[in-house]
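Visitor: This is the structure I want to talk about, given as structure tokens.
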Amino acid sequence: MPLNTLCGRLGPTLLLAAGLAAMAPSQAQDMLEGCQLVNGTLQCVPGITADPQQQIRDLRQQIGADQKLEAAVEQQITGLQQLVLQGQAAEGGLLQATLAADALASLPPSAFHWYRLKPGSQRWVLIQQASGPSYRLTNADVNARVMVVVAVPSNGGSQRQASAPLGPVTAAP
9 MPLNTLCGRL
19 GPTLLLAAGL
29 AAMAPSQAQD
39 MLEGCQLVNG
49 TLQCVPGITA
59 DPQQQIRDLR
69 QQIGADQKLE
79 AAVEQQITGL
89 QQLVLQGQAA
99 EGGLLQATLA
109 ADALASLPPS
119 AFHWYRLKPG
129 SQRWVLIQQA
139 SGPSYRLTNA
149 DVNARVMVVV
159 AVPSNGGSQR
169 QASAPLGPVT
179 AAP
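Take the sequence shown: its letter number 28 is residue 36 in this note's numbering, and every next letter is one higher.
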């Protein structure tokens with residue numbers, strides 16, 4: 009039987025398996041990751057297809073998902089760099105949270121969460137009496153570090169941006 013007639017009768021998968029069988033075993037196994045040639049039959053692990061085009065589509069979907077995740081992480085990092093505390097870290101001093109493009113003006117006071125970290129502690133504690141974009145430092149803040157987190161509701165829950173910690177807060181003269 010002529011080769012082109014034989015090729016016309018063989019399905020694409022069988023033709024691929026026949027081509028892989030003609031290759032050296034190591035070459036065949038490197039050709040389709042997750043698949044191997046077993047007794048002249050192409051066997052793939054569950055979740056992997058022997059169809060190279062389908063593998064390409066699957067990889068493109070994985071890459072797309074990874075790119076979306078990367079963009080979300082970059083956005084959070086950018087947010088961390090944009091939210092800044094201004095003011096002197098001294099008892100009685102007024103700290104002001106600022107954000108690029110003055111986006112804070114439209115946020116309700118409940119969106120701001122102020123925290124302090126006492127010396128020797130590893131946990132940030134919410135400052136219950138603080139709200140809004142500014143906070144006047146008190147005696148309870150002396151020697152502590154202070155930061156603000158802005159939480160804005162979004163479709164997937166909420167987006168958070170945190171300032172860099174400021175301090176340690178010094179006592180009033």
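No residue lacks a Cβ here, since even glycine has one placed at the ideal position from N, Cα and C.
Model, not experiment: these values are computed from the prediction.
1) Between which two residues does the beta strand (DSSP E) containing L45 stretch?
2) Helix, strand or coil for A172, going by three-state DSSP, please let me know.
3) Buried or exposed for L103, going by 16 or more other Cβ atoms inside 10 Å?
4) By how many angstroms is the C-alpha of G165 removed from the C-alpha of G87?
5) Are the segment 150-158 and the segment 119-127 touching by the rule of at least three beta carbon pairs closer than 8 Å?
6) Please list, in chain order, all residues of the same chain as P178 whose beta carbon is under 6 Å from its beta carbon, the five residues on each side excluded.
7) Quick check on S166: does DSSP put it in helix, strand or coil?
8) For Q136, name the three-state secondary structure that DSSP assigns.
9) Residues in its own chain within less than 7 Å of A170 by CB, not counting five upstream and five downstream?
10) Quick one, which of S129, P117, P141, S114 has its alpha-carbon nearest Q94's?
11) Buried or exposed: which applies to G72, given that a residue is buried once 16 or more other Cβ atoms fall within 10 Å of its Cβ?
12) Out of Q130, P116, N163, A105, which one is the CA nearest neighbour of R144?
13) Which term fits I135, buried or exposed, when burial requires 16 or more other beta carbons within 10 angstroms of its beta carbon?
Guide: In short, the structure shows the following:
1) 43-46
2) coil
3) buried
4) Its pLDDT being 49, under 50, G87 is placed unreliably by the model, and the measurement read from it follows with that caveat. Rounded to the nearest angstrom, the two C-alpha atoms are 17 Å apart.
5) yes
6) Note that residue 178 corresponds to Thr in the displayed sequence, not to Pro. Only A98 meet the Cβ criterion.
7) strand
8) coil
9) L88, L91, M155, V157
10) P141
11) exposed
12) A105
13) buried
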